[in-house]
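Engineer:
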């Protein structure tokens, strides 16, 4: 769907669960992979969610993945809140990159600490991990609550062993139990300059990394699925691999490539 030049997708597993049904969809250059798990392993629901807004003309994307438990209500609530704030978020992203990403630090925190939102969180069943990633120009910005993962695959960084951007935190959530109700809210955020050339972004919920019988906790094993393949093919291979290994937990993947033309920062003695 397009709205004011922005391509958009919003989904939560309570709408369509993709149990026994690996699925691939594409929004502009962004690939979304969803698999609800295997019914033969006991799965019957999907509590993941995702949000994608992509504006090619303004040169930005904002993507979110959610991994809820004890019902999808918390994921539904977060998506509803971001849809409510959509105009403010998208207008902010249309500023220059230096202004947009600085303002985003304050705006996303303000959204999660909105008093009405906090009251609504108390009235849902369960809670959700939430990972937000923004790309504008040659810069990344991320905001992470919980244990979803974002990897950046870039050959220059791979030589230095640098892949995963955020650290998984296993006791942070939004919802019935809520980090933003604490005296000191706990989350992580960061910014990164993309390197010149191919930068492959990869977000996933933990159904992929915790699948038995495969080693997708190792990001190099994920990267291997994309060698000499398109992003769509690589994501599909990952989904089929965990399906064949009888994974129960649901998996949501968002992946795309940014090709940066500008030279990135280098040490002064080169």
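Residue numbers (this note's numbering): 1 to 270.
Note that CB positions come from ideal geometry on N, CA and C, so glycine has one too.
It should be emphasised that the depicted structure is a prediction, and the values quoted were computed from it without experimental measurement.
(1) How about residue 142 and residue 179: are their beta carbons less than 8 Å apart?
(2) Alpha carbon to alpha carbon, how far is residue 25 from residue 222?
(3) State the beta-bridge partners of residue 48 as determined by DSSP.
(4) Straight-line CA distance for residue 237 to residue 253?
(5) Taking all protein chains shown into account, do 16 or more other C-beta atoms lie within 10 angstroms of the C-beta of residue 195, making it buried, or fewer, making it exposed?
(6) The alpha helix (DSSP H) with residue 112 in it runs from where to where?
(7) Rounded to whole angstroms, how far is the Cβ of residue 201 from the Cβ of residue 256, which I believe are closer than 8 Å?
(8) Does the beta-carbon distance from residue 127 to residue 49 come in below 8 Å?
(9) Out of 258, 5, 12, which has the shortest C-alpha to C-alpha gap to residue 137?
(10) Sort out for me which residues DSSP pairs residue 255 with in a bridge.
(11) Mapping the DSSP letters down to three states, classify residue 264 as helix, strand or coil.
(12) With a CB to CB cut of under 8 Å and the five nearest residues on each side skipped, what residues in its chain are close to residue 22?
(13) With which residues is residue 129 paired in a DSSP beta bridge?
(14) Assuming residue 141 is part of the beta strand (DSSP E), what are its boundary residues?
(15) Under 8 Å by Cβ, that's how I've got residue 147 and residue 170 pegged, so tell me the actual separation to the nearest angstrom.
(16) Per DSSP, what are the beta-bridge partners of residue 189 in this structure?
(17) Using a 10 Å radius around the Cβ and a threshold of 16 neighbouring Cβ atoms, would you call residue 193 buried or exposed?
(18) Whose C-alpha, out of 260, 45, 39, is nearest the C-alpha of residue 155?
(19) Rounded to whole angstroms, what is the Cα-Cα separation between residue 6 and residue 102?
(20) Return the residue from the list 46, 30, 181, 266 that minimises the CA-CA distance to residue 20.
(21) Do the stretch 116-135 and the stretch 57-65 make contact, defined as three or more Cβ pairs closer than 8 Å?
(22) Exposed or buried, what is residue 269 when buried is set at 16 or more other beta-carbons lying within 10 Å of its beta-carbon?
(23) Output the residue ranges of the beta strand (DSSP E) runs that lie fully inside the stretch 207-234 and measure 3 residues or longer, sorted by chain position.
(24) Under the DSSP definition of a beta bridge, which residues are partnered with residue 60?
(25) Do residue 168 and residue 198 have their beta-carbon atoms positioned less than 8 Å apart in this structure?
(26) When the Cα atoms are used, what is the spatial distance from residue 204 to residue 267?
(27) In the structure shown, what three-state DSSP assignment does residue 236 receive?
(28) Return the first residue and the last residue of the beta strand (DSSP E) that residue 7 is part of.
(29) Please name the residue in 10, 9, 18 whose C-alpha comes closest to that of residue 249.
Structural biologist: According to the data block:
(1) Looking up residue 142 in the chain shown gives position 142. Looking up residue 179 in the chain shown gives position 179. No, Cβ-Cβ distance for residue 142 and residue 179 is not below 8 Å.
(2) Counted from its first residue, the chain shown places residue 25 at position 25. Counted from its first residue, the chain shown places residue 222 at position 222. Using only the alpha carbons, I get a separation of about 19 Å.
(3) For this step, residue 48 is matched to residue 48 along the chain shown. Answer by DSSP bridge pairing, in chain order: 67.
(4) Walking along the chain shown from the start, residue 237 turns up at place 237. Walking along the chain shown from the start, residue 253 turns up at place 253. Each residue's Cα considered, the two are about 12 Å apart.
(5) Locating residue 195 in the chain shown gives position 195, where the first residue counts as 1. Flag for residue 195 reads buried.
(6) In the chain shown, the residue the question calls residue 112 occupies position 112. Looking at the DSSP string, the run of the alpha helix (DSSP H) that includes residue 112 is 97-112.
(7) In the chain shown, the residue the question calls residue 201 occupies position 201. In the chain shown, the residue the question calls residue 256 occupies position 256. Indeed, because the Cβ distance is near 6 Å, the residues count as touching under 8 Å.
(8) Residue 127 sits at position 127 when you count from the first residue of the chain shown. Residue 49 sits at position 49 when you count from the first residue of the chain shown. Against a cut-off of 8 Å, the Cβ pair of residue 49 and residue 127 comes out as no contact.
(9) By one-based count along the chain shown, residue 137 stands at place 137. Selected option, being the one with the closest Cα: 258.
(10) Looking up residue 255 in the chain shown gives position 255. Answer is 31, 202.
(11) Counting from 1 along the chain shown, the entry for residue 264 is found at position 264. Correct three-state label for residue 264: coil.
(12) Position 22 of the chain shown holds residue 22. Excluding the 5 residues flanking it on each side, residue 22 has same chain C-beta neighbours closer than 8 Å at 33, 34, 35, 236, 239, 240, 243, in chain order.
(13) Position 129 of the chain shown, counting from 1, holds the residue named residue 129. According to DSSP, which records beta bridges pairwise, residue 129 is partnered with 67.
(14) Taking the chain shown and counting its residues from 1, one reaches residue 141 at position 141. That run of the beta strand (DSSP E) goes 139-145.
(15) What you label residue 147 is simply residue 147 of the chain shown in a count that begins at 1. What you label residue 170 is simply residue 170 of the chain shown in a count that begins at 1. Indeed, because the Cβ distance is near 5 Å, the residues count as touching under 8 Å.
(16) Position 189 of the chain shown, counted from the first residue, corresponds to residue 189. DSSP output for residue 189 lists 143 as bridge partner(s).
(17) Here residue 193 refers to the residue found at position 193 when the chain shown is read from its first residue. Answer is exposed; the Cβ neighbour count stays below 16.
(18) By one-based count along the chain shown, residue 155 stands at place 155. Ranking the options by Cα distance to residue 155, first place goes to 260.
(19) Here residue 6 refers to the residue found at position 6 when the chain shown is read from its first residue. Here residue 102 refers to the residue found at position 102 when the chain shown is read from its first residue. Rounded to whole angstroms, the separation of the alpha carbons of residue 102 and residue 6 is 21 Å.
(20) As a working mapping, residue 20 is identified with position 20 in the chain shown. Among 46, 30, 181, 266, the Cα nearest to that of residue 20 is on 46.
(21) Output reads yes: the stretch 57-65 touches the stretch 116-135.
(22) Indexing the chain shown from 1 puts residue 269 at position 269. By the 10 Å Cβ count, residue 269 comes out exposed.
(23) none
(24) Start at 1 with the first residue of the chain shown, and residue 60 comes out as number 60. Partner(s): 55, 136.
(25) Stepping through the chain shown from its first residue, residue 198 is reached at position 198. Stepping through the chain shown from its first residue, residue 168 is reached at position 168. The answer is no: Cβ separation not under 8 Å.
(26) Here residue 204 is taken as the residue at index 204 of the chain shown, counted from 1. Here residue 267 is taken as the residue at index 267 of the chain shown, counted from 1. Distance between the alpha carbons of residue 204 and residue 267 is about 32 Å.
(27) Mapped onto the chain shown, residue 236 falls at position 236. Looking at residue 236 - three-state DSSP - the assignment turns out to be helix.
(28) Here residue 7 refers to the residue found at position 7 when the chain shown is read from its first residue. Start and end: 6-12.
(29) By 1-based counting over the chain shown, the position of residue 249 is 249. Of 10, 9, 18, the residue nearest in Cα terms is 18.
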